[in-house]
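Student:
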Amino acid sequence: MIVCILAGALVGLLPVLRSTAGLLLVSILSAVGIYRFAFIGYVLVNLSAYIFITGLAWLSMRSAFVQRNRWRASCAAMLALLLVFLAGRYYQLETRGVAVKGLNLFFFSLNMWAFLRLITLLWEFGSGRIERPSLRSFMIWVGLPFTLIGPILRYSQFEKQLPLISTQADEPARYRQSLRRFLVGFVQLSVGMLLTGFQFALVESGNGLPRWEKLVIGFSVAPWSFYLLWAGYFNFMESLAPFWGITLPPSFNRPFGRRNLSEFWANWNMTATSVFRDYFFYNRWGLQKANLYVNTLMVFLMVGLWHGLNGYWILFGLMHGIGFCAYLWYSRNRSRLTLWRQNLIDSQFRYTGPIATYLYVCSCWFLPPTILKLIR
Amino acid sequence: MTENNQIKQRVEETLARVLGVSPNEVSALGMGLHPRWDSMGHMELIMQIEKEFGLRFPTYEIAELVNPAAIVKAVERVNHK
Numbered sequence: 001m002i003v004c005i006l007a008g009a010l011v012g013l014l015p016v017l018r019s020t021a022g023l024l025l026v027s028i029l030s031a032v033g034i035y036r037f038a039f040i041g042y043v044l045v046n047l048s049a050y051i052f053i054t055g056l057a058w059l060s061m062r063s064a065f066v067q068r069n070r071w072r073a074s075c076a077a078m079l080a081l082l083l084v085f086l087a088g089r090y091y092q093l094e095t096r097g098v099a100v101k102g103l104n105l106f107f108f109s110l111n112m113w114a115f116l117r118l119i120t121l122l123w124e125f126g127s128g129r130i131e132r133p134s135l136r137s138f139m140i141w142v143g144l145p146f147t148l149i150g151p152i153l154r155y156s157q158f159e160k161q162l163p164l165i166s167t168q169a170d171e172p173a174r175y176r177q178s179l180r181r182f183l184v185g186f187v188q189l190s191v192g193m194l195l196t197g198f199q200f201a202l203v204e205s206g207n208g209l210p211r212w213e214k215l216v217i218g219f220s221v222a223p224w225s226f227y228l229l230w231a232g233y234f235n236f237m238e239s240l241a242p243f244w245g246i247t248l249p250p251s252f253n254r255p256f257g258r259r260n261l262s263e264f265w266a267n268w269n270m271t272a273t274s275v276f277r278d279y280f281f282y283n284r285w286g287l288q289k290a291n292l293y294v295n296t297l298m299v300f301l302m303v304g305l306w307h308g309l310n311g312y313w314i315l316f317g318l319m320h321g322i323g324f325c326a327y328l329w330y331s332r333n334r335s336r337l338t339l340w341r342q343n344l345i346d347s348q349f350r351y352t353g354p355i356a357t358y359l360y361v362c363s364c365w366f367l368p369p370t371i372l373k374l375i376r
Numbered sequence: 377m378t379e380n381n382q383i384k385q386r387v388e389e390t391l392a393r394v395l396g397v398s399p400n401e402v403s404a405l406g407m408g409l410h411p412r413w414d415s416m417g418h419m420e421l422i423m424q425i426e427k428e429f430g431l432r433f434p435t436y437e438i439a440e441l442v443n444p445a446a447i448v449k450a451v452e453r454v455n456h457k
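Quick note, the sequences are listed as chains A and B, same order. Residue 1 is where the first sequence starts when you use my numbering, and the numbers rise one by one after that. Residue 377 is where the second sequence starts when you use my numbering, and the numbers rise one by one after that.
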């Protein structure tokens, strides 16, 4: 966070840095500051993706290499990236350093955000939405301090803003909006940290917590602390990015209290969920005709795997997938009910929907360990 | 009627049927601007358009078909391939 604040302030205060060369310098320094000993690994992973795209762009210039092949090659690269990402998680490659002259260096670094960012790049390039980025703008994009550990700014969104950086950074309206966001982020982060501290104090107070205390943590303290910490962090990033003349898309829009799971996910970690929606839900998965239930389960399985390759996150994804499928089934079959029944259910859901959705979302965080214990 | 106008009319009729609105209202609609055209409804809508024209949109294009004009353009493009 300190690195991001410094990077924002530096470019905001020194107009000389508001050029691609200046931003590149600050981006590299920020990435070094954030990744430290894993910086080499981060560079190697991103460089591999860039070399692949450059090669594909070179092939695309040849007339025989049609768009369909570019898309297929990109899909293969996305699959390879997914396997590398999962293998990295499974074997915990990010934690395996190599001692070089007294320094412990890490030659592999692909966290969840870097993975998703590269997926968006391969998708956009494969679909023809973007052309091969210049090395300089690619490096600024992957080193952008405000997105290094989330949120997602797709390359197409970044590319559009790149020529405007030097002019937009001086607009007073943007700073006013930034200040408001910064204050909101500050309050959210502070409350989130307080709640996290309270949660840890409760957990550490004894091994055998009473069941009611576990329930209080699982259904109130833990979800809110998690949400406020991330929403606060992303609000900070959204408030700092305008110093570079960049606008980040919003990430959280009051997700708790939504009437159903669809609305919850439409407002939770939006930059990431929109990637899963666009790439995995709007898909046929090899079927002749898309099956929305298969798509839903695929999306949430991927969401689970994106968080971690273990039973907890797979179950988390499956629980959300099953819940979402149930809602999907209801939405698709709602019109078959008589008008009277539709109105009855709607009136019930108006009040019970937000509570049921909240409880279900919390259960998906809270119950997987218990279910796994039961299975074992 | 030109081929393009025919495509536009058929797209608007399909959208009107799926969304339950009059064909005249369709041109002002878009994803997120109608309760039935949300992320779930979008996929259903795209499947209906594909069925109507007997075509398949490329996977990477589906997320971008967020309004009638984009759908008409995509149908024309896929038809001409």
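Here a beta-carbon is modelled for each residue, glycine too, at the ideal position from N, C-alpha and C.
1. As an exercise, report each continuous alpha helix (DSSP H) stretch of at least 4 residues that is fully enclosed by the stretch 401-455 of chain B, in chain order.
2. In the DSSP assignment, find the beta strand (DSSP E) that holds V66/A and state where it starts and stops.
3. Between A316/A and F219/A, which are expected to be in contact by the criterion C-beta below 8 Å, what is the C-beta distance as a whole number of angstroms?
4. Contact check, P249/A vs Q157/A under 8 Å by CB: the rounded distance?
5. Restricting to Cα atoms, I'd like to know which of F52/A, V184/A and L359/A is closest to I217/A.
6. Does any residue of chain B have a CB that is nearer than 9 Å to the CB of D346/A?
7. What residue range is occupied by the uninterrupted beta strand (DSSP E) comprising L103/A?
8. Between which residues of its own chain and H307/A is the CB-CB distance below 6 Å, once the five residues before and five after are set aside?
9. Using the DSSP secondary-structure output, state which residues sit across from A99/A in a beta bridge.
10. Round the Cβ separation of R154/A and E124/A to the nearest angstrom and send it over; I've been treating them as touching at under 8 Å.
11. Tell me, please, whether the CB atom of P434/B is closer than 9 Å to any CB atom in chain A?
12. Count the C-beta pairs between the stretch 259-276 of chain A and the stretch 319-326 of chain A that are closer than 8 Å, then say yes if the count reaches three, no if not.
13. Using a Cβ-Cβ cut-off of 9 Å, state whether W113/A counts as contacting chain B.
14. Considering Cα atoms alone, identify which of A7/A, L23/A, I2/A and S331/A is closest to L164/A.
15. Would you mind telling me which residues of chain B sit closer than 7 Å to W58/A, beta carbon to beta carbon, in chain order?
16. Tell me which residue opens and which closes the alpha helix (DSSP H) that T296/A is part of.
17. Taking 9 Å as the CB-CB limit, is W244/A close to chain B?
18. Starting from Q288/A, follow the alpha helix (DSSP H) in both directions and report where the run begins and ends.
19. Going along chain A in order, which residues have a C-beta closer than 7 Å to the C-beta of I438/B?
20. Grab me the residues of R89/A's own chain with a C-beta within less than 6 Å of its C-beta, minus the 5 sequence neighbours each way, in chain order.
21. Between the Cα of I140/A and those of S30/A, L93/A, W212/A and A173/A, spot the shortest distance and give me the residue it belongs to.
22. Let me check understanding here. Comparing Cα to Cα, which of V275/A, A326/A, A272/A and T271/A lies closest to V294/A?
23. Quick one: is H456/B buried, meaning 16 or more other Cβ sit within 10 Å of its Cβ, or exposed?
24. What did DSSP end up calling L110/A once you bin it into helix, strand or coil?
25. Quick one, are the C-beta atoms of N283/A and M270/A less than 9 Å apart?
26. Ordered along the chain, which non-local residues of its own chain (more than five positions away) have a Cβ less than 6 Å from that of P368/A?
27. Would you mind stating whether G417/B and V442/B have Cβ atoms separated by less than 9 Å?
28. Does the count of Cβ pairs from the stretch 105-123 of chain A and the stretch 270-280 of chain A closer than 8 Å reach three?
29. Look at the Cβ atom of R70/A, then the Cβ atom of L56/A, and state whether they are nearer than 9 Å.
30. G150/A by DSSP, collapsed to three states: which one?
31. In chain B, which residues lie less than 8 Å from R277/A when you measure between Cβ atoms?
32. Should W413/B go down as buried or exposed, given a rule of 16 or more other Cβ atoms within 10 Å for buried?
33. Assuming L103/A contacts F37/A (C-beta within less than 8 Å), just tell me the rounded distance between them.
34. Can you name the residues of chain B whose CB is closer than 8 Å to the CB of A266/A?
35. Less than 9 Å between CB atoms is the rule here; does E420/B satisfy it with respect to chain A?
Tutor: According to the structure data:
1. Complete alpha helix (DSSP H) runs here, min 4: 415-429 and 435-438.
2. For V66/A, no beta strand (DSSP E) encloses it, and the DSSP letter there is neither H nor E.
3. Here residue 316/A is Phe; the residue named in the question, Ala, does not match the sequence. 16 Å between Cβ atoms; not a contact.
4. Indeed they touch by this definition, with Cβ atoms about 7 Å apart.
5. Closest option to I217/A, Cα to Cα, is L359/A.
6. Using a Cβ-Cβ cut-off of 9 Å, D346/A does not count as an interface residue toward chain B, since no Cβ of chain B sits closer than that to its own.
7. Looking at the DSSP string, the run of the beta strand (DSSP E) that includes L103/A is L103 to L105.
8. Closer than 6 Å at Cβ, skipping near neighbours: W313.
9. In DSSP, A99/A forms a bridge with N104/A.
10. Contact holds; Cβ gap of about 6 Å.
11. Chain A, which has a Cβ nearer than 9 Å to the Cβ of P434/B, makes this yes.
12. Short answer: they touch.
13. Answer no: the Cβ-Cβ gap between W113/A and chain B never drops below 9 Å.
14. Comparing Cα-Cα distances from L164/A to each of A7/A, L23/A, I2/A and S331/A, the minimum goes to L23/A.
15. Ordered by position in chain B, no residue passes the 7 Å Cβ test against W58/A, which lies about 21 Å from the chain.
16. It spans L292 to H307 - the alpha helix (DSSP H) in which T296/A sits, taken as one unbroken run.
17. Not one chain B Cβ lies under 9 Å of W244/A.
18. Secondary structure note for Q288/A: it is in no alpha helix (DSSP H), with a DSSP letter that is neither H nor E.
19. In chain order: Y282.
20. L309.
21. Cα-wise, what sits closest to I140/A is S30/A.
22. Nearest of V275/A, A326/A, A272/A and T271/A to V294/A, Cα basis: A326/A.
23. With fewer than 16 other Cβ atoms within 10 Å, it is exposed.
24. The three-state reading of DSSP puts L110/A in coil, since its state is none of H, G, I, E or B.
25. No; because the gap between Cβ atoms is not below 9 Å, this pair is not in contact.
26. The beta carbon of P368/A sits closer than 6 Å to the beta carbons of Y312, L315 and F316 from its chain, once the five residues preceding and following it are set aside; these are given in chain order.
27. A distance of 9 Å or more separates the beta carbons of G417/B and V442/B.
28. Yes, the stretch 105-123 of chain A is in contact with the stretch 270-280 of chain A.
29. Remark: C-beta atoms of R70/A and L56/A approach each other more closely than 9 Å.
30. The answer is strand: DSSP assigns G150/A an E or B state.
31. Residues of chain B whose Cβ lies closer than 8 Å to the Cβ of R277/A are, in chain order, S415 and A439.
32. Its Cβ being crowded by 16 or more others within 10 Å, W413/B is buried.
33. Rounded, the Cβ-Cβ distance is 7 Å, consistent with contact.
34. Under a criterion of Cβ atoms nearer than 8 Å, the residues of chain B adjacent to A266/A are, in order, D414 and S415.
35. At least one chain A Cβ lies under 9 Å of E420/B.
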